[in-house]
Each structure stands twice: as C-alpha cells, then as structure tokens.
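Chemist:
Protein chains: 2
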Amino acid sequence: MSEKQINPLPLRLKQARTALGISQKQLGIQLGMEPGTASARMNHYEKGKHTPDYATLKAMADELGVPVAYFFCESESTAELLCLLEKMTEEEKADLVKKVTNTVL
Amino acid sequence: MSEKQINPLPLRLKQARTALGISQKQLGIQLGMEPGTASARMNHYEKGKHTPDYATLKAMADELGVPVAYFFCESESTAELLCLLEKMTEEEKADLVKKVTNTVL
DNA sequence: AGGTATACTAAGGAATCCTTAGCCTTTTAG
DNA sequence: CTAAAAGGCTAAGGATTCCTTAGTATACCT
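Chains A and B supply the protein sequences, listed in that same order.
Going by my numbering, the first sequence opens with residue 201, and the numbers climb by one from there.
Going by my numbering, the second sequence opens with residue 201, and the numbers climb by one from there.
1) Quick one: does residue 202(B) have its CB under 7 Å from some CB of chain A?
2) Can you tell me which of the three DSSP states residue 233(A) falls into?
3) Where does residue 226(A) fall in DSSP's three states?
4) Using a C-beta cutoff of 7 Å, does residue 247(A) count as contacting chain B?
5) Verify the CB distance criterion: does residue 269(B) have a CB-CB separation below 7 Å to chain A?
6) Could you give the uninterrupted runs of the alpha helix (DSSP H) lying entirely in the region 245-295 of chain A, keeping only those of 4 residues or more?
7) Mind pulling the chain A residues with CB within less than 9 Å of residue 205(B)?
8) Using 10 angstroms around the beta-carbon of residue 208(A), count the other beta-carbons present and answer buried if the total reaches 16, otherwise exposed.
9) On the criterion of 16 or more Cβ atoms from any shown chain inside 10 Å, does residue 258(B) qualify as buried, or is it exposed?
10) Using C-beta distances below 6 Å, list every residue in its chain close to residue 286(B), excluding the 5 sequence neighbours before and after it, in chain order.
11) Given 8 Å as the limit, is there contact between the region 289-302 of chain B and the region 264-282 of chain A, that is, 3 or more CB pairs closer than that?
12) Hey, does residue 214(B) have any beta-carbon neighbour from chain A nearer than 7 Å?
13) Just mark residue 265(B) as buried or exposed, buried being the case when its beta carbon has 16 or more other beta carbons within 10 Å.
14) Taking residue 231(B) and residue 260(B) to be in contact with their CB atoms under 8 Å, please state how far apart those CB atoms are, rounded to whole angstroms.
15) Are the beta-carbon atoms belonging to residue 246(A) and residue 214(A) less than 7 Å from one another?
16) Looking only at its chain, what residues have a beta carbon closer than 7 Å to the beta carbon of residue 239(A), apart from the 5 residues adjacent to it on each side?
17) According to DSSP, simplified to helix, strand and coil, what is residue 210(A)?
18) Cβ closer than 8 Å: which chain A residues qualify as neighbours of residue 287(B)?
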C-alpha cells in the first residue's frame, strides 16, 4: 500500500529554475534574499528539506514566470496547461471551461 | 503601489468545504486530526492565520475532491479548470495542451 | 433558560525555518 | 597539473511559525 506522498514543489522548482539557466543562489538573490543565505535557502526548498511561505512562493513564481499553483501540479500535462492558462484572458478561460465541461461530463 | 499579495488558500479552502456542507471541525476530524484540535487548526488555515504543511494540504485536497494546486489558484476560472483536469486522462490532457498551445501562441 | 453547534482567538510548548559556517565536486583559469 | 571559483549541499542553533489547550461569542434549537 506504499502510498507515495510526494511533494511536487522541489521538482517543479528545479524545472523552472534550470529552464532559466540560473543557479540556486542567483535565483535566491533575485528574490531579494541575503547573498549569504540565498544558496542554503533555495537548496533547502529544492531538496524538499524546508517549505517556503506564501510570500516566497509568490516571489519565486513571478521570477520564474509560472503561477504559484504550478509548484503543486502532480502531472506534467497539468503543469504545462497551468502555465498556458496564465497567458489567457478571463474570457478565453471561461470559454475553455465550457468546452472542457461538455467533453468531460 | 498597493501590491495585493493575497494568499488564495483560505478562500479556496472555504469554498471547497462549504460546497460539501461540513463544518471546519468536522473536516479536520475527517483528516485525522485530534477532535480537540481540529476546530482551531482548521480555523487557523481558513482565516490565513497559519499555513498547513504539504501532508495536510494533500489530505485536505483528497477529502475535498480537488487537486492540491487548486488551493493556490488566483482566478476562479483557473480553479474551476484545474478541478476538471483532474477528471481527465493523461491522453486527454495532452490533447488539450496541443489545442490550447495553438490557440494561444 | 439551558444545551448545542459553529466560528473564532490568546498564549505557550512544540515543531519548523532561517542563518551561519562550512564541505564536496566539477569546472574554469593560469 | 594546480588553484581558484562556482554550484550543490549539509549540520547546528537561534529565530520564527505552528499545534494544542482553554476558552469566548454568537446563533439556533427545545
């Protein structure tokens, strides 16, 4: 019954960071962390040792160009779709909701 | 410069809980919390006083029938779509990614 | 009124995080 | 080759946040 209870955040964070080609420390600095602590803190988050609070989560999301919810997506396709949704208007998303609702239900 | 930095979790939690018509305390108990602490803990989360760790977040999501990422959606339409995505197969989601990609880009 | 249910809060012990101070490997420069 | 720099990573303790206890307040019901 080994119910794997994996926190997606470490993986998603690493994916988004490496996509930008910057180091853990540099990302932390860009988020406004002290240069002396940025490396350790970001590494803790990426290794799942610690969990960032919401303000840090939001800052990371903005810096990485993803929505906060992206960090908690369990599947790749959902993560990808969320990033696309962020680029759409409310109207476009409302339309998509209707379409998908008819398809699924 | 009032940068609205609202944590969506309290609102989303309340939305999903009231949709089920159960009390804060009862939800906490269903998550396996001690009956003596369930009320206070759930209220803290719903008022934004404290933030649940991932295990609690996952348990809440499962019990409420939403994905964990739902708690962090800033817009209603995105929150709604995420819940629909959870009911789709990986294949269906992959197809949707393609469609949306062509629409957006 | 009395009892119950629900939402909510203060305070302190318990748990987690942030910071300091490094180590270890790989890569780059000399 | 050697040294230095860069990136990833970790232990430990002070700083911060959370969990738990205990209780208040309001509304509803009998």
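Glycine residues also receive a C-beta, built at the ideal position from the N, C-alpha and C atoms.
Modeler: So, to answer that:
1) As a working mapping, residue 202(B) is identified with position 2 in the second sequence. The predicted model places residue 202(B) with a pLDDT of 44, which falls under 50 and marks its position as unreliable; any figure quoted below should be read in that light. Chain A contact via Cβ: absent.
2) Here residue 233(A) is taken as the residue at index 33 of the first sequence, counted from 1. Coil, per DSSP.
3) Mapped onto the first sequence, residue 226(A) falls at position 26. Of the three classes helix, strand and coil, the one that applies to residue 226(A) here is helix, per DSSP.
4) Residue 247(A) sits at position 47 when you count from the first residue of the first sequence. Not closer than 7 Å to any Cβ of chain B, the Cβ of residue 247(A) fails to qualify, so no.
5) Here residue 269(B) corresponds to residue number 69 of the second sequence, with the count starting at 1. Yes, residue 269(B) lies at the interface with chain A (some Cβ there is under 7 Å from its Cβ).
6) 254-264, 276-285
7) Indexing the second sequence from 1 puts residue 205(B) at position 5. The contacting residues are 254, 255, 258.
8) One-based indexing of the first sequence puts residue 208(A) at position 8. Looking at its Cβ environment, which holds 16 or more other Cβ atoms inside 10 Å, residue 208(A) is buried.
9) In the second sequence, the residue the question calls residue 258(B) occupies position 58. Buried.
10) The residue given as residue 286(B) occupies position 86 in the second sequence. So the list reads 267, once near-sequence residues are dropped.
11) yes
12) Residue mapping note: residue 214(B) aligns to position 14 of the second sequence, counting from 1. So no, residue 214(B) is outside the interface.
13) Start at 1 with the first residue of the second sequence, and residue 265(B) comes out as number 65. Classification of residue 265(B): exposed, given that the 10 Å Cβ count is below 16.
14) As a first step, residue 231(B) must be located in the second sequence, where it is residue number 31. As a first step, residue 260(B) must be located in the second sequence, where it is residue number 60. Contact holds; Cβ gap of about 6 Å.
15) The residue you call residue 246(A) lines up with position 46 of the first sequence. The residue you call residue 214(A) lines up with position 14 of the first sequence. Cβ atoms of residue 246(A) and residue 214(A): closer than 7 Å.
16) As a first step, residue 239(A) must be located in the first sequence, where it is residue number 39. Only 224, 225, 228 meet the Cβ criterion.
17) Indexing the first sequence from 1 puts residue 210(A) at position 10. Three-state result, residue 210(A): helix.
18) As a position in the second sequence, residue 287(B) is number 87, starting the count at 1. Chain A residues near residue 287(B): 304.
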